[in-house]
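This report refers to the structure that appears directly beneath it.
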Amino acid sequence: MVHKLTGAVALGAALMLSTSAFAQDKRVVTWNADYDPIPLAAAEALIADFEAANPEIDVVLTNFDHEAYKNAIRNFLTADPPDLANWYAANRMRPFVEAGLFADISDVWANNGLMDSLASSVLSSTIDGKQYAVPYTYYQWGIYYNRDAYKAAGVDVPGPEGVTWDQFLANCEKFKAANIDCVTTGSSALWPVAGIFDYVSMRTNGYQFHSDLAAGKVSWTSPEVAAVFDNLGKLQPYVTANHAAIDWQDAAALLVQGKAANYVMGNFAVGVFKEGGMTNDNLGFMVFPEITAGIARAEEAPTDTIHLTSGAKNPEDAKTFLAYVASAEAQSKWNAAVGQLPTNKNATVDPADPFLTAGFQALSTATGGIAQFWDRDADAEYAKVGMEGFQQFLVQPEQRDAILERLEAARTRLYPQ
Amino acid sequence: MAEAASTPRRWTQRSVAPWLFLAPGLLMFGVYVLWPIVESVTLSFYDWDGLYNKDGEFTGRFVGMGNYSELMTDPAFETSLWNNLKWLVLYMLALPIGLFIAIFLNQTVRGIRLYKSLFFFPFVISQVVVGLIFAWFYAPNFGLLYLLTENAFGQGTAILADPDLVTYGIIAAGLWPQIAYVMILYLTGLNNVAPDQIEAARLDGAKGWRMLWYVVLPQLRPATFIAVIVTVIGALRSFDLVSIMTNGGPFGSSRVLSYYMFEMALGEYGFRMGYGAAIAVVLFLIMMVFISGFIWKMWRDEKER
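These protein sequence lines are chains A and B, in that order. Here this note's numbering runs 1140 ahead of the position in the first sequence, where the first position is 1. Here this note's numbering runs 30 ahead of the position in the second sequence, where the first position is 1.
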């Protein structure tokens, strides 16, 4: 309610500012979202810009608490659908698409040349050949490292191009000798381990194999998966002990304090590292090392999206707004305010932010493909079983056979052959 | 004539009045207890992701006993069941410990009220707070227990990261308020122990364990009965501590039935409403075994009076 009110107040203010507007003549587009304060302010600025260009349209944003939204969307899409709703790309939107609750917006894509300007997100926005989402932001994953920890252990600080896998493991050995965790993570909420698994998997077998694995198309007993777990097993001894009982923020503290050297994380963690006292001088970013030589580099970049609902009362104006959200201009501004990356390739990022610049560079040169992260690429239940397996392997590597057997059993149950 | 007319009317009034008084309660019970039970059981025969389509139609698919047969082979369900059993057995420790503390505190010393309230304190604070306190107590790197074990054995024990210890760690956290609860039940019970019987037993030379076992405990039977009920129910519905302390982890080793049900039906990776409902039905049946036992005993006691 409070959020709702702030939205209404901001909207009222916007209305008063645009003196030429007659409130009663405006055509209303309703939009349900789940923004934290900073993205909310950015979204309000975006709405203000859109309304300035389209004075006859009034976009009404209703903001939900982030956690509550996951349940709320399931109710409001049937009970009281807004015109637009926030959600996520790839498999995360599949249940809503299959229940017919998200509308096909292929025409928005075709009419605005989005196939070209949003090229990196076409796959993740498409189900059965039709587009159901407008992606407007994503963020890169990679390895964030503490330069001071590297110096303390007497290890050469990696350059922007990163290091090789062998070099990385050799560094880990030195960190271990210096009593520093080479790779830290906090997996009490499970998903952080999926980042490590995804990268080892994509670097070992490439994007397509990883994507097939997430889709349940390949067996966990295949030699390719065995190779992934061999590589994970090499990393396992250097991962923070007891990671299963700590949050990702607590692991971030280990990196900040120099008790850990590297952290496989998403760019949103930069804020946490900097709050902990790190600066651009001692916080570094590199892409995950290449493992199998010659495989096209793929990256993880979970994408946030806006969808047109099937129950929309004003789909025409909502599509106009979606086209605006997809534009380079809107995305540059929104993402600059939030500190994430625009999905539109013609958009710009703040050159003063080394992490955004590096991320934009890493993603735009990722010829292998862009993965959405394990829990968005895989079906929800499959994702959960998988993440529990990855977590267990990083705690009890000797249980490898039992874990793979369990994952294979889950696969044959969820995807009958 | 007059007599014949008045008899059925009196009969009617007598039989209708209690139902009138019962009506609000029955209505509530029907709407909020019985109807959801029927709904849950029905839902457990469906495969449904919780979504209605845009016309408001139910999108579930009837699978008969499918969910139940899947439960039989589900390793996570087996883990949850075993953990529930551990909870049930270990939670019973609250009874002897609570009794011991109650007897210990049942004396007249200066400031005894303060001690009593301090012992009662953990029951007053929310389970969420208890969970957080214990999670920090166990936390790797900075938790008190971790630092203590690190000093004692050179290697810290992170209980919540250890799949073999995690359930015991959570049960220990749950016992803390539960012992306080049982203690307060026994303290009130001890107030009602007849002093003349104690006196008589003492004259007959009873003391120590024999006094406790043959004179005090039989008089505490009503308190023990209530304490067993609240402890059994507390153990079976354990959810908040698991949710706060571990989210069922590491890799699902601290799940209990109620948490697994939540995960499957309403968790972030769940929304399998039918499967969750099937777990709920199993939990309900387990609870029914105990609840019917209690009701049967209460019924018998009422009749004896």
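The beta-carbon is built from N, C-alpha and C at its ideal position, and this holds for glycine as well. Predicted model, so just to flag it, every value in this text is computed and none were measured.
Exercise for review: Using a Cβ cut-off of 9 Å (strictly closer), state whether Q1501 of chain A contacts chain B.
Suggested key: Answer no: the Cβ-Cβ gap between Q1501 of chain A and chain B never drops below 9 Å.
Review point. What whole-angstrom Cβ distance do N1226 of chain A and D1189 of chain A have, given they're in contact under 8 Å?
Key: Going by Cβ atoms, the distance from N1226 of chain A to D1189 of chain A rounds to 18 Å, so no, they are not a contact pair.
Review point. Roughly how many angstroms lie between the CA atoms of N277 of chain B and R285 of chain B, to the nearest whole one?
Key: N277 of chain B and R285 of chain B have their C-alpha atoms some 8 Å from each other.
Check your understanding: In angstroms, rounded to a whole number, what distance separates the CA positions of Y1285 of chain A and T218 of chain B?
Key -> Going from the Cα of Y1285 of chain A to the Cα of T218 of chain B covers about 60 Å.
Exercise for review: For F309 of chain B, decide whether its Cβ has a neighbour in chain A, counting only Cβ atoms nearer than 9 Å.
Suggested key: Sequence check: residue 309 of chain B is Ile here, not Phe. Not a single C-beta of chain A is nearer than 9 Å to the C-beta of I309 of chain B.
Review point. Just reading off the alpha helix (DSSP H) that N114 of chain B is part of, what are its end residues?
Key: That run of the alpha helix (DSSP H) goes 105-121.
Exercise for review: Please work out which residues of its chain come closer than 7 Å, Cβ to Cβ, to E180 of chain B, disregarding the five sequence neighbours upstream and downstream, and give them in chain order.
Suggested key: Answer for E180 of chain B: G186, listed in chain order.
Practice item. Just the chain B side, please: which residues come within less than 8 Å of G1240 of chain A by C-beta, in chain order? Key: Result: N83, K84.
Exercise for review: Determine whether the Cβ of E1548 of chain A lies closer than 9 Å to any Cβ atom of chain B.
Suggested key: Chain B, which has no Cβ nearer than 9 Å to the Cβ of E1548 of chain A, makes this no.
Practice item. For R140 of chain B, count neighbouring Cβ atoms within 10 angstroms of its own Cβ and tell me buried if that reaches 16, exposed if not. Key: In summary, R140 of chain B is exposed, with fewer than 16 beta-carbon neighbours lying within 10 Å of its beta-carbon over all protein chains present.
Point to revise | C-alpha distance - E108 of chain B paired with R1553 of chain A, whole-angstrom precision | key: Answer to the nearest angstrom: the Cα atoms are 17 Å apart.
Check your understanding: Which class does Q1271 of chain A belong to by DSSP, given the choice of helix, strand or coil?
Key -> For Q1271 of chain A, the secondary structure class from DSSP, reduced to helix, strand or coil, is strand.
Check your understanding: Which ranges would you report for the alpha helix (DSSP H) in the segment 1342-1383 of chain A if only whole runs of at least 4 residues count?
Key -> If only uninterrupted alpha helix (DSSP H) runs of at least 4 residues are considered, those enclosed by the segment 1342-1383 of chain A are 1347-1354, 1363-1375.
**Study point:** the segment 1475-1482 of chain A contacting the segment 1251-1267 of chain A, beta-carbon criterion three pairs below 8 Å
**Key:** Taking a cut-off of 8 Å for Cβ pairs, the segment 1475-1482 of chain A and the segment 1251-1267 of chain A do not touch, as fewer than three such pairs fall below it.
Check your understanding: For E1439 of chain A, which residues does DSSP report across the bridge?
Key -> DSSP, once it has assigned bridges, lists A:I1510 as partnering E1439 of chain A.
Point to revise | Residues in the segment 1505-1539 of chain A having any Cβ partner in chain B nearer than 8 Å | key: Within the segment 1505-1539 of chain A, the qualifying residues are D1515, A1520, E1521, A1523, K1524, E1528, G1529, Q1531, Q1532, V1535, Q1536.
Review point. What residues in the segment 1212-1242 of chain A bring their beta carbon closer than 7 Å to a beta carbon of chain B?
Key: Identification of residues in the segment 1212-1242 of chain A having a C-beta nearer than 7 Å to some C-beta of chain B yields R1214, T1218, P1235, A1239, G1240, L1241, given in sequence order.
Review point. Which residues bound the alpha helix (DSSP H) around G128 of chain B?
Key: Unbroken alpha helix (DSSP H) run through G128 of chain B: 124-135.
Point to revise | chain B within 9 Å of R1553 of chain A, Cβ atoms only | key: Taking Cβ atoms only, chain B reaches closer than 9 Å to R1553 of chain A, which makes this a yes.
**Study point:** Inter-residue spacing [alpha-carbon to alpha-carbon] between A1526 of chain A and W166 of chain B
**Key:** The displayed chain sequence assigns Gly, not Ala, to residue 1526 of chain A. Computed Cα separation, rounded: 28 Å.
**Study point:** Beta carbon proximity, L233 of chain B to chain A, threshold 9 Å
**Key:** Not a single C-beta of chain A is nearer than 9 Å to the C-beta of L233 of chain B.
Review point. Closest Cβ-Cβ distance between E108 of chain B and chain A: below 9 Å?
Key: So, not an interface residue.
Point to revise | As assigned by DSSP and simplified to three states, the class of Y1175 of chain A | key: Here Y1175 of chain A sits in coil by DSSP.
**Study point:** L296 of chain B and G306 of chain B closer than 9 Å at C-beta
**Key:** Between L296 of chain B and G306 of chain B, the gap from beta carbon to beta carbon is short of 9 Å.
Exercise for review: Per DSSP, which residues does H1447 of chain A bridge with? Please list them.
Suggested key: DSSP output for H1447 of chain A lists A:A1225 as bridge partner(s).
Exercise for review: Starting from L1217 of chain A, follow the alpha helix (DSSP H) in both directions and report where the run begins and ends.
Suggested key: In the DSSP annotation of this structure, the continuous segment of the alpha helix (DSSP H) that includes L1217 of chain A starts and ends at 1206-1219.
**Study point:** Among B:Y244, B:I209, B:N113, the one whose alpha carbon lies nearest that of P193 of chain B
**Key:** Nearest C-alpha to P193 of chain B: B:N113.
Point to revise | Candidates A:G1269, A:W1514, A:I1187, of which the one nearest N1231 of chain A by Cα | key: Each of A:G1269, A:W1514, A:I1187 was checked against the Cα of N1231 of chain A, and the nearest Cα belongs to A:W1514.
**Study point:** Contact list for the segment 1358-1389 of chain A against chain B, Cβ threshold 9 Å
**Key:** Those would be T1380, A1381, N1382, H1383, A1384, A1385, I1386, in chain order.
Practice item. Please go through the same chain and pick out, in chain order, the residues whose beta-carbon is closer than 8 Å to the beta-carbon of Q1389 of chain A, but skip the five residues on each side of it. Key: For Q1389 of chain A, where only same-chain residues beyond five positions count, the Cβ hits under 8 Å are G1326, V1412.
Review point. Along the chain, where does the beta strand (DSSP E) that runs through M1405 of chain A open and close?
Key: 1400-1406 is the span of the beta strand (DSSP E), which, as asked, contains M1405 of chain A.
**Study point:** Chain-ordered chain B contacts of L1395 of chain A [CB-CB under 8 Å]
**Key:** Below the 8 Å Cβ cutoff, chain B contributes no neighbours of L1395 of chain A, its closest Cβ being approximately 13 Å away.
Point to revise | Supposed contact pair D79 of chain B and P1275 of chain A - C-beta distance, whole angstroms, cut 8 Å | key: About 24 Å; that fails the 8 Å criterion.
Practice item. Keeping to the same chain, check which residues put their C-beta closer than 7 Å to that of V260 of chain B; ignore five residues upstream and five downstream. Key: The residues are Y211.
Check your understanding: Name the DSSP bridge partner or partners of V1340 of chain A?
Key -> Answer is none; V1340 of chain A lacks a bridge partner.
Review point. Can you tell me where the beta strand (DSSP E) with V1199 of chain A in it begins and where it stops?
Key: Counting along the chain, the beta strand (DSSP E) containing V1199 of chain A begins and ends at 1197-1203.
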